[in-house]
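*Asks:*
In this note's numbering, the protein residues as written are 151 to 858.
#1: Beta carbon of residue 399, beta carbon of residue 238: below 8 Å?
#2: Residue 748 lies in the beta strand (DSSP E); which residues open and close that run?
#3: What is the C-beta distance between residue 840 and residue 792, in whole angstroms, given that I count them as a contact (C-beta under 8 Å)?
#4: Along the alpha helix (DSSP H) that carries residue 317, what are the first and last residues, could you check?
#5: Rounded to whole angstroms, what's the CA-CA distance from residue 722 to residue 825? Just pull it up for me.
#6: By the three-class DSSP mapping on this structure, what secondary structure does residue 241 have?
#7: When DSSP labels each residue in this structure, what does residue 604 get in the three-state scheme?
#8: Starting from the Cα of residue 598, find the closest Cα among 609, 613, 606, 292 and give me that residue.
#9: Given a cut-off of 8 Å on the beta-carbon distance, is the pair residue 743 and residue 694 in contact?
#10: In chain order, what residues of the same chain lie with their CB nearer than 7 Å to the CB of residue 736, ignoring the 5 residues before and after it?
#11: What separation, rounded to the nearest whole angstrom, lies between the Cα atoms of residue 211 and residue 226?
#12: Return the CA-CA distance between residue 503 and residue 512, expressed in angstroms with no decimal places.
#13: Determine whether the beta carbon atoms of residue 657 and residue 674 lie at a separation below 8 Å.
#14: How far does the beta strand (DSSP E) with residue 336 in it extend, from its first residue to its last?
#15: Mind checking whether residue 422 and residue 387 have CB atoms under 8 Å apart?
#16: So residue 277 and residue 192 are in contact, right, with Cβ under 8 Å, and what is the actual spacing, rounded?
#17: Nearest by alpha-carbon distance to residue 246: which of 396, 643, 458, 523 is it?
#18: Determine the contact status of residue 786 and residue 823, defining contact as a CB-CB distance below 8 Å.
#19: Run through DSSP, which three-state label would residue 261 get?
#20: Suppose the cutoff is 8 Å on Cβ atoms and the five residues either side in sequence are ignored; what does the same chain contact list for residue 351 look like?
#21: Classify residue 637 as buried or exposed, calling it buried when 16 or more other Cβ atoms lie within 10 Å of its own Cβ.
#22: What does the alpha-carbon distance come out to for the pair residue 650 and residue 268?
#23: In whole angstroms, what is the alpha-carbon distance linking residue 645 and residue 600?
#24: Between residue 672 and the rest of its own chain, which residues show a CB-CB distance below 7 Å, the 5 nearest in sequence each way excluded?
#25: Please state the DSSP three-state secondary structure of residue 520.
#26: Please name the residue in 257, 275, 251, 286 whose C-alpha comes closest to that of residue 266.
#27: Tell me whether residue 368 sits in a helix, a strand or coil according to DSSP, three-state version.
#28: Is DSSP giving residue 550 helix, strand or coil here?
#29: By Cβ distance below 6 Å, which residues in the same chain neighbour residue 431 in space, the five residues on each side in sequence not counted?
#30: For residue 335 and residue 347, I'd like the C-alpha separation in whole angstroms.
#31: Could you pull out every residue in the same chain whose Cβ sits closer than 6 Å to the Cβ of residue 570, ignoring the five residues on either side in sequence?
#32: Using DSSP's beta-bridge definition, name the partner residues of residue 695.
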């Protein structure tokens, strides 16, 4: 198809069917008159058209193809003709050649617009499987004028990039200040100088930052998704590199075989006629006498056939000749031609009898094409992967206030909109959302920090702080599910702010069945928004708690039936993400774990039941036991007061927020909840009646510093 020009000129309308073909186009129809391909009626049966072109030129590999059909698409890159010829020869010499060996001849796609391919993995994938993703960048130089101002000059762009649209996009990004540092962009391309897109930079602009932004936000860096889908004997098939070469060789094999058979038939026909002509010249007087003595052509043919034992075709050839020409035929020239024809017949029969000679012709003709029409590679290939575009280069680093609500709404607000507070500080609630929702986390983090989310299904996700939509102080924010690809029933268990993923900091996790594990946060570096498994859960089990730890902390495990087990984290060896974990707490029948919290000397444990009864207990009342044991009583009379739904580590200055199944929420001061012994039955924290019950609690920490 015609896609127009690289400068944006549209293609000619399809009604203009005339075209001036390149010389190379003749190679696509070479030998078409020699019965090398089948012909079928055209759409209105007024003529016939070939089912396929004979094609000496390896069109599909050299030119590529792009198009869509019903339920399928093709996107094949162009290649260098000389490299293709070398690969064809290598395949013919060794049909068992590996794809990797073929890649020593065909290095990768060769685009007419040049550019630079980064990384070989996409090429390997495409050549091995027929599908792959190839990353291409434009080629540029940096020019500095006499005043010290820099310009980025692109002399090549990725394949099929429209330079007019590209320049308009760059100008738009600069105008809207999405890319800072650009003062102007001009397309100075011409037939004389070639492509030249000049991007002038402002004084003081960071060239590397601007380049990264250009590659990230424009088509100056593009990916070419290879789909080597082609019709093979009428059936769509995704082809690897070897299959593509094999199909071309098989096609040329058939074409050359049919051409040879056609030429052999024609040579034998000529031999047959030459035999009659030589006989006629030897007896020319008698032949003339028979012809002149016949009443008509038919009688002359019969006379010749009887006298010289000619067949109808031979007799017809003689009577078709004028007598003057017949008498002027030279017997020595005819006999010489007969020898040449016999030699040709022998040669053609030898070709058909020896298939390897047909293959040799394929090699020779393909190499001749490469010598005649081939050129040097235009697209360079860099073995290493493209230098990763560092998003932080494009994002201003500044402190943000991050607010997360219980119902999963999240937003970030510049700290400059608040009164000053140190990095990492805690603050009071910033805004009320809706009646049943509340802010349950508020902290300071840089736009370059990570936020890691752990869910009740054992999956971990993270995003960068700058990926959270910025909002006003009073807005609701965005729901977490618009940022993370969590399942419908997945709930965020905890959120952790990280500067980096470390091998010395751990994620400590606990499940409902009492299984615990810890994994270095480094293992979650690839979680991102799609998530990765953080723990392998048994059937029917679920993650109920996840906290960051140093690896040497003390942890208190709390069960729904009122048991608590204090363990040292050193008892839990580090495991990989796929690990199931180890026994943390032995649970009675019908009991399950509901939380894991840090043991802190200046804080207390707070537990609350589904019926709204709660209490605080000193951590000192719980002695350390080995993991896998049942622990000690933390709450008495759960049969009447209800099972424990959660536990928190709280300080006297904290607040506690409770939410019920019917959406009722209440916030109470932690120090208003009585401090009691381990076996006590607590006090009423939430006044509820059946069928409502408490489903969750959270701690709202109060900062000792000035409010944000």
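Cβ coordinates follow ideal geometry from the N, Cα and C atoms, glycine included.
*Replies:* Reading it off the structure:
#1: yes
#2: 743-748
#3: With 8 Å as the limit, residue 840 and residue 792 do not qualify as a contact, their Cβ atoms being about 10 Å apart.
#4: Run containing residue 317: 313-325, per the alpha helix (DSSP H) assignment.
#5: Rounded to whole angstroms, residue 722 to residue 825 spans 31 Å at the Cα level.
#6: helix
#7: strand
#8: 613
#9: yes
#10: 664, 778, 779, 780
#11: 8 Å
#12: 16 Å
#13: yes
#14: 332-337
#15: No, the pair does not count as a contact, with Cβ atoms beyond the cut-off.
#16: That pair is no contact at about 37 Å.
#17: 396
#18: no
#19: coil
#20: 299, 300, 301, 302, 331, 332, 333, 357, 360
#21: exposed
#22: 27 Å
#23: 10 Å
#24: 651, 652, 653
#25: helix
#26: The residue with the shortest Cα to Cα distance from residue 266 is 286.
#27: coil
#28: strand
#29: Counting only Cβ-Cβ distances below 6 Å, and skipping sequence neighbours, we find 479, 481.
#30: 7 Å
#31: Residue confidence for residue 570 is low, a pLDDT of 30 falling below 50, so the modelled location carries little weight; the figure read from the coordinates is stated next. Same-chain partners within the cutoff: there are none.
#32: 660
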